[in-house]
Amino acid sequence: MTSSPGEGEEKEGPVIRDRRRIDPETGEVRAQAAATPSAPEAPAASGDGATGTGDEISSLKAQLSERLSDLQRLKAEYDNYRKRVERDRVAVREQALGQVLTELLPVLDDIGRAREHDELHGGFKSVAESLEAITGKLGLVKYGEKGEPFDPTVHEALMHSLSPEVTETSVVEVLQPGYRIGERILRPARVAVADPDPDAGKSGDEADGRSGETGEAGEAGSGEAGESGGTAGGDGA
7 MTSSPGEGEE
17 KEGPVIRDRR
27 RIDPETGEVR
37 AQAAATPSAP
47 EAPAASGDGA
57 TGTGDEISSL
67 KAQLSERLSD
77 LQRLKAEYDN
87 YRKRVERDRV
97 AVREQALGQV
107 LTELLPVLDD
117 IGRAREHDEL
127 HGGFKSVAES
137 LEAITGKLGL
147 VKYGEKGEPF
157 DPTVHEALMH
167 SLSPEVTETS
177 VVEVLQPGYR
187 IGERILRPAR
197 VAVADPDPDA
207 GKSGDEADGR
217 SGETGEAGEA
227 GSGEAGESGG
237 TAGGDGA
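Right under this line is the structure:
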């Protein structure tokens with residue numbers, strides 16, 4: 007009796023795996039079948055990688071130095087620009103102030119002449135003093151004094167003479183005072199100057215010489231007169 011195929015062989019059934027973490031029979035937590043594999047260690051850096059990192063650091067340092075130089079240059083340019091603007095601002099202010107004060111100089115001259123003639127009285131005197139005080143606060147300085155050495159950079163000589171009383175070219179009279187603001191001359195002082203007289207020393211010597219000659223001539227005349235008298239007396243005898 008022949009057997010049919012498959013007889014005698016055990017049929018394979020479905021495979022059932024119990025993945026429950028808690029054992030239903032013992033109630034305990036089952037141990038994991040296999041531990042989680044550890045992550046592979048990173049390979050050690052090769053020599054080429056270290057060299058590349060050093061080159062990058064050098065490049066970054068060079069870029070940083072370049073940017074720092076650019077920043078310093080920009081700062082220096084800004085400082086120079088700020089100083090130039092400040093100088094220009096001061097120059098414009100001084101120029102405008104100088105123009106205004108120059109227009110006031112004739113008024114100050116009139117005040118000075120009125121003061122010399124004792125004509126400053128009452129309200130006019132108060133206004134004149136206020137104007138002089140304001141111009142002084144703005145930096146206007148009056149200069150020019152009799153007896154000071156002549157300086158062509160701040161004086162304008164309108165009259166010239168010789169004097170035995172001076173040892174250098176000096177101001178002997180102030181015809182019109184000068185005015186300045188800071189180092190800027192708004193108007194030079196107009197003055198009369200005197201130079202030392204080169205013949206002043208010689209005049210005394212020549213006078214002494216002439217006095218000596220006169221004395222000698224007198225003595226000679228006296229002697230001649232005595233001789234003439236003696237001769238006349240002898241003739242009479």
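My numbering puts the first residue of the sequence shown at 7, with every later residue one more than the last.
C-beta: ideal position from N, C-alpha, C; glycine also.
Spatial distance of residue i from residue j (CA atoms)
i, j, result
"E122", "P155", "24 Å"
"P183", "E151", "8 Å"
"K89", "E100", "16 Å"
"E174", "E135", "36 Å"
"T59", "R25", "50 Å"
"L181", "L107", "20 Å"
"N86", "E92", "10 Å"
"Q69", "Y84", "23 Å"
"D76", "R95", "28 Å"
"R196", "L164", "6 Å"
"S65", "R79", "21 Å"
"S71", "A82", "17 Å"
"I1", "E34", "Not covered by the structure: residue 1. The range shown for the chain is 7 to 243."
"E179", "A206", "21 Å"
"Q105", "F130", "25 Å"
"D116", "G128", "16 Å"
"D124", "G118", "10 Å"
"E138", "R73", "57 Å"
"V133", "E109", "17 Å"
Per DSSP, cross-strand counterpart(s) of residue i
i, result
"V180", "V197"
"P170", "Its beta-bridge partners do not exist; DSSP assigns none."
"D163", "Position check: residue 163 holds Ala in this sequence, whereas Asp was assumed. In the DSSP output, where bridge partners are listed per residue, A163 has V197."
"K148", "Y185"
"I191", "R186"
"P155", "S176"
"P204", "Bridge partners of P204: none, in fact."
"I140", "For I140, which the question treats as bridged, DSSP gives no partner whatsoever."
Rounded distance between the beta-carbons of residue j and residue i, thought under 8 Å
i, j, result
"P204", "E162", "Not confirmed; about 25 Å, so no contact."
"Y185", "L111", "6 Å"
Residue from the options with nearest C-alpha to residue i
i, options, result
"E189", "G128, S65, A68, K148", "K148"
"A200", "R99, S65, S136, S169", "S169"
"H166", "G128, V177, L103", "V177"
"G145", "L114, I187, E109, S132", "I187"
"T141", "L114, P202, E83, E34", "L114"
"T159", "K131, A68, L80, I191", "I191"
"E4", "G153, V91, D157", "Not covered by the structure: residue 4. The range shown for the chain is 7 to 243."
"D157", "V98, A198, G129, L80", "A198"
Closer than 8 Å: residue i CB and nearest the ligand SAM heavy atom
i, result
"A97", "As for the ligand SAM, it is missing from this structure, which has no ligand bound."
>> Ignoring anything shorter than 4 residues, give me the alpha helix (DSSP H) runs that lie fully in the segment 86-125, in order along the chain.
In response: none
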